[in-house]
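Taken in order, these protein sequences are the chains called A and B. Going left to right, the first sequence walks through residues -18 to 388 as my numbering numbers them. Going left to right, the second sequence walks through residues -18 to 388 as my numbering numbers them. Yeah, the Cβ is synthetic: ideal placement off N, Cα and C, and Gly gets one too. The structure presented is a predicted model; accordingly, all values stated were derived computationally and were not measured. What follows is a short report on a single structure.
Protein chains: 2
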Amino acid sequence: MKQINGGVTAAKGFRAWGVHCGVKSKKLEKKDLAIILSERECAAAATYTMNRVKAAPIYVTMDHLEDGTAWGVVANSGNANACCPQSHENAELMSQYAAQATGHKPSDFVVASTGVIGQTINIAAIERGMPEVAAGLTDGPEGSDAAAHAIMTTDTSKKEIAISFTLGGKTVTMGAIAKGSGMIHPNMGTMLCFITTDCAITGELLSDALHEVVPKTFNRVTVDGDTSTNDMCVVLANGMAENPLIEWKDDSYTVFRKALHQVCEYLARCIAGDGEGASRLITCTVHAARSEESAERLSKAVVGSPLVKAAMFGTDANWGRVLCAMGYSKAPFRPEYVDVKFASAVGEVLVCQQGMGLDFDEEAAKSILSQDEVIIDICLHEGEHEATCWGCDLTYDYVKINGDYRT
Amino acid sequence: MKQINGGVTAAKGFRAWGVHCGVKSKKLEKKDLAIILSERECAAAATYTMNRVKAAPIYVTMDHLEDGTAWGVVANSGNANACCPQSHENAELMSQYAAQATGHKPSDFVVASTGVIGQTINIAAIERGMPEVAAGLTDGPEGSDAAAHAIMTTDTSKKEIAISFTLGGKTVTMGAIAKGSGMIHPNMGTMLCFITTDCAITGELLSDALHEVVPKTFNRVTVDGDTSTNDMCVVLANGMAENPLIEWKDDSYTVFRKALHQVCEYLARCIAGDGEGASRLITCTVHAARSEESAERLSKAVVGSPLVKAAMFGTDANWGRVLCAMGYSKAPFRPEYVDVKFASAVGEVLVCQQGMGLDFDEEAAKSILSQDEVIIDICLHEGEHEATCWGCDLTYDYVKINGDYRT
């Protein structure tokens, strides 16, 4: 697999664009409306938030994808279009406006929204902005860039990737954009992530691959334990790479699933590292566990613990909080077998062996913990399974951003 | 029931004291060692942390309370005495030193510790300090005050209460001290709470009452979602009020259980309001639920949500986050039936009706949310059950306190 440029427009036949239409405040002029569109009909699969309160666009998208196909995505940021009397109607209208502007049917579109819950979306601004987005659609990297920016909320950087690989002698390309930041936690489809590929694959296998990959990538990210009402991960496959159609779980399927995993893992890490207010990415790997499920549960509890997260912000090697978080994870393990190591680009330090604290160089530990990515490496000495989850530190800025998000 | 002065020494036959012995840094001279002692043997019951990683004092106390009796409590703050090679031995030593200083057996003592995990406790300081604590033991309110201060860590105020009530013509008194602050979450026995009473009650009914009350009080508090390794709630009953022994679940038992509930609810609210860095107490009541369990789960999710907590810090009436937290609580409810109201001493404002946002006066809402106690009042319109949980806002100070707790 080769990482290439181009993001969500890298795969053959995909165009994208994004503009400021006015859902976000006019003062800032930040992009807030995007379209991604394929030249051909795509096999389409999606995972959605597990929150019982689902925003209107989730229901509309579920409806539009019932036949397993789509042509494109229309998405806005700045408003979640949730919990308002007109929410459902407005989500339908978004797809109608996108359809009118591009010569398609409303049901050809995935509809996604992200932003504040419970305020009526400025649907007039979306209607006015749609022709401009449609007119801008391009298959160049600037198209992906514009769309990636148009779905950002409190994200500080755009999240984009593309890779290429070979299937049956043909070059297949897969690209994606995502947004994350706050209200992010396992147990969901995901935040917003739109993946495009020119691979030829049946809708059923596309869906299987997505449902295999999301639980091991996006669902292993936690920023703050809050699962949003609007999370959605969608993959569109238009077949234009002309590889032999993937219709069985053969080697080609495995290659495709690995590519999808690489794309999703890359974006999951981006989302964790760019969590609201985050100053560093925290990666926690639990090794030698009796099952992958246990390893995942323990790892999630560690990256999700506010006390561990605050210690990481303070570059404090307070490993007792790591053990404590494991203890309340409800996963079985023997505390007296556990080794804990902190690691980063500048080195590593073993701080706990067989459940007991070791003497260690606090200054060296501080320097290891002050890097952009910190690894909490836990060995259970109980079995052969492992899992990795991703999170970020808890900072003053998280509180600041969320103390006055609406104002 | 009448609230009276005196805290943990209010009930007949109980003395207490606390000193600085040196577990906490000598510079600050903060109290860090306490004893509570009864004149007579007590029926004793306890609930403990549900964390799989339990500190040594928990195991030692479980052992000492196996016969259902105790004479007193020895507790230190500044070190959790957990996850060190000598932890178990040191917890046993604490009870030995307390026994020597007071003329008792080690197994007469409940042993409790709170503070940093994984650093060896300064047991020599505890040995040196014990005679001074024992010498200071007094049944005056200053004894309770000293003990309450000696169990504090990042608490900003001592937590203490006493009440009296009548049983069989006799005045019965119940008093307690507690500490809370960080690493606090439902699913545990509780933080540290020591309750004393002169009520005559069998050990079995004492335990039943405690296990009925703790799930509805302390276990409905969340500060940060972290369940500590050291949580413990202990009640000692010495019978010196000379009321007819409570040995059945009769009216007297009901009165006793109500008294215990009042004491525990008061302290639970204190602990929530004094959560690490908290600037206000958040009380969330869910009404008209189909079961108390659902109501509790929904209410806990709301007070536990970092996004709701940050909004409360920012006095932002962002009710969408309340609905969102309810949605991921895994409790069944119909979003389209939900009403949400914010209330405080200065008024109330309905912000969401039947799952949809209402226009409301943002300035009035801000003023309601800027009080010391804010109530999030949720009506499900589904049944007749309700539950209240308590939490606090998420502030810059939480991050500050926990970014460098050890240093």
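Exercise for review: Please determine, among A/D297, A/L262 and A/H268, the residue with the shortest C-alpha to C-alpha distance to A/A285.
Suggested key: Note that residue 285 of chain A is Gly in the sequence shown here, rather than Ala. Among A/D297, A/L262 and A/H268, the Cα nearest to that of A/G285 is on A/L262.
**Study point:** the stretch 277 to 303 of chain B: positions lying closer than 8 Å to chain C by Cβ
**Key:** This model lacks chain C altogether; the protein chains it does include are A and B.
Check your understanding: If you count every other CB in all the chains shown that lies within 10 Å of the CB of B/A326, and 16 or more means buried, which is it?
Key -> The C-beta of B/A326 has fewer than 16 other C-beta atoms within 10 Å across all chains shown, which makes the residue exposed.
**Study point:** CB contact check: A/N71 to chain B, cutoff 8 Å
**Key:** So no, A/N71 is outside the interface.
Check your understanding: Under 8 Å, do B/V153 and B/N224 count as touching if we go by C-beta distance?
Key -> The answer is yes: Cβ separation under 8 Å.
Check your understanding: Would you report the Cα separation of B/E20 and B/R(-4), rounded to the nearest angstrom?
Key -> Rounded to whole angstroms, B/E20 to B/R(-4) spans 8 Å at the Cα level.
**Study point:** Where B/V4 meets chain A, residues with beta-carbon distance less than 9 Å
**Key:** Result: empty, since nearest Cβ-Cβ is about 16 Å, beyond 9 Å.
Check your understanding: So which residues on chain B does A/V380 lean against when the C-beta distance must stay under 8 Å?
Key -> Residues of chain B passing the Cβ test: A291, F294, L375, T376, Y377, Y379 and V380.
**Study point:** Reference A/N200; option with closest CA among A/D44, A/A249 and A/I182
**Key:** Ranking the options by Cα distance to A/N200, first place goes to A/A249.
Check your understanding: Cα separation between A/H130 and A/D13?
Key -> Cα-Cα distance, rounded: 8 Å.
Exercise for review: Could you check the C-alpha separation between B/T198 and A/G364 for me, to the nearest Å?
Suggested key: Here the C-alpha atom of B/T198 lies approximately 39 Å from the C-alpha atom of A/G364.
Check your understanding: How long is the line joining the alpha carbons of A/D297 and A/A306, rounded to whole angstroms?
Key -> Roughly 16 Å separates the two Cα atoms.
Check your understanding: From B/L361 to B/H268, what does the alpha carbon distance come to, in whole angstroms?
Key -> The alpha-carbon separation between B/L361 and B/H268 amounts to approximately 6 Å.
Review point. Taking Cβ positions only, does A/N200 come closer than 8 Å to chain B?
Key: No, its Cβ sits nowhere closer than 8 Å to a Cβ of chain B.
Check your understanding: Since A/A63 contacts A/G117 with CB under 8 Å, what's their CB separation in whole angstroms?
Key -> The beta-carbon separation of A/A63 and A/G117, rounded to 27 Å, does not stay under the 8 Å limit for a contact.
Exercise for review: Kindly confirm or deny that the stretch 103 to 123 of chain A and the stretch 61 to 81 of chain A touch, where touching means at least three C-beta pairs closer than 8 Å.
Suggested key: With the cut-off at 8 Å, the stretch 103 to 123 of chain A and the stretch 61 to 81 of chain A touch.
Exercise for review: Verify the CB distance criterion: does A/Q243 have a CB-CB separation below 8 Å to chain B?
Suggested key: No, because no Cβ of chain B sits closer than 8 Å to the Cβ of A/Q243.
Check your understanding: Fully enclosed by the stretch 296 to 328 of chain A, which beta strand (DSSP E) runs are 3 residues long or longer?
Key -> Fully enclosed beta strand (DSSP E) runs of 3 or longer: 320 to 325.
Review point. B/N383 by DSSP, collapsed to three states: which one?
Key: In the structure shown, B/N383 falls within a helical segment according to DSSP collapsed to helix, strand and coil.
**Study point:** Within 8 Å of chain B by C-beta, residues of the stretch 21 to 36 of chain A in sequence order
**Key:** Answer set for the stretch 21 to 36 of chain A: M31, N32, R33, V34 and K35.
Point to revise | Assigned secondary structure, B/L288 (DSSP; H/G/I helix, E/B strand, else coil) | key: DSSP, read as helix, strand or coil, puts B/L288 in helix.
Review point. Comparing alpha-carbon positions, which option in A/A127, A/M213 and A/M111 lies nearest A/L74?
Key: A check of alpha carbon separations from A/L74 across A/A127, A/M213 and A/M111 identifies A/M111 as the nearest.
Check your understanding: Hey, A/K281 and A/T203 are a contact pair by Cβ (cut 8 Å); roughly how many whole angstroms apart?
Key -> Going by Cβ atoms, the distance from A/K281 to A/T203 rounds to 6 Å, so yes, they are a contact pair.
Check your understanding: Does the beta carbon of B/V97 come closer than 8 Å to any beta carbon on chain A?
Key -> Taking Cβ atoms only, chain A reaches closer than 8 Å to B/V97, which makes this a yes.
Review point. With 16 as the cutoff for other CB atoms within 10 Å, does A/L375 come out buried or exposed?
Key: Per the 10 Å Cβ criterion, buried.
Check your understanding: Where A/A276 and A/I359 are concerned, what is the direct C-alpha to C-alpha distance, given to the nearest angstrom?
Key -> Straight through space, the alpha carbons of A/I359 and A/A276 are spaced by roughly 9 Å.
Check your understanding: Per DSSP, what kind of secondary structure is B/G(-1) in: helix, strand or coil?
Key -> Assigned with DSSP and collapsed to three states, B/G(-1) falls in strand.
Check your understanding: In three-state DSSP terms, what is B/L9?
Key -> Residue state, collapsed to three classes: coil.
Point to revise | Contacts that B/G372 makes with chain A (C-beta to C-beta distance below 9 Å) | key: Ordered by position in chain A, no residue passes the 9 Å Cβ test against B/G372, which lies about 12 Å from the chain.
Exercise for review: Tell whether a beta-carbon distance below 8 Å holds between A/T183 and A/I227.
Suggested key: The answer is yes: Cβ separation under 8 Å.
Check your understanding: Can you find a CB in chain B that lies within less than 8 Å of the CB of A/N224?
Key -> No, because no Cβ of chain B sits closer than 8 Å to the Cβ of A/N224.
**Study point:** Three-way DSSP call (helix, strand, coil) for A/F90 in this model
**Key:** In this structure, A/F90 counts as strand in the three-state DSSP scheme.
Point to revise | Residues that A/K151 bridges to, as DSSP identifies them | key: Listed as beta-bridge partners of A/K151 by DSSP are A/L148.
Review point. Per DSSP, which one or two residues make a beta bridge with B/C265?
Key: Answer is B/I357 and B/C370, bridged to B/C265.
Check your understanding: How would you call B/T30, buried or exposed, if buried means at least 16 neighbouring beta carbons within 10 angstroms?
Key -> By the 10 Å Cβ count, B/T30 comes out buried.
Review point. Are the stretch 49 to 56 of chain A and the stretch 78 to 87 of chain A touching by the rule of at least three beta carbon pairs closer than 8 Å?
Key: The stretch 49 to 56 of chain A makes contact with the stretch 78 to 87 of chain A; the number of CB pairs closer than 8 Å reaches 3 or more.
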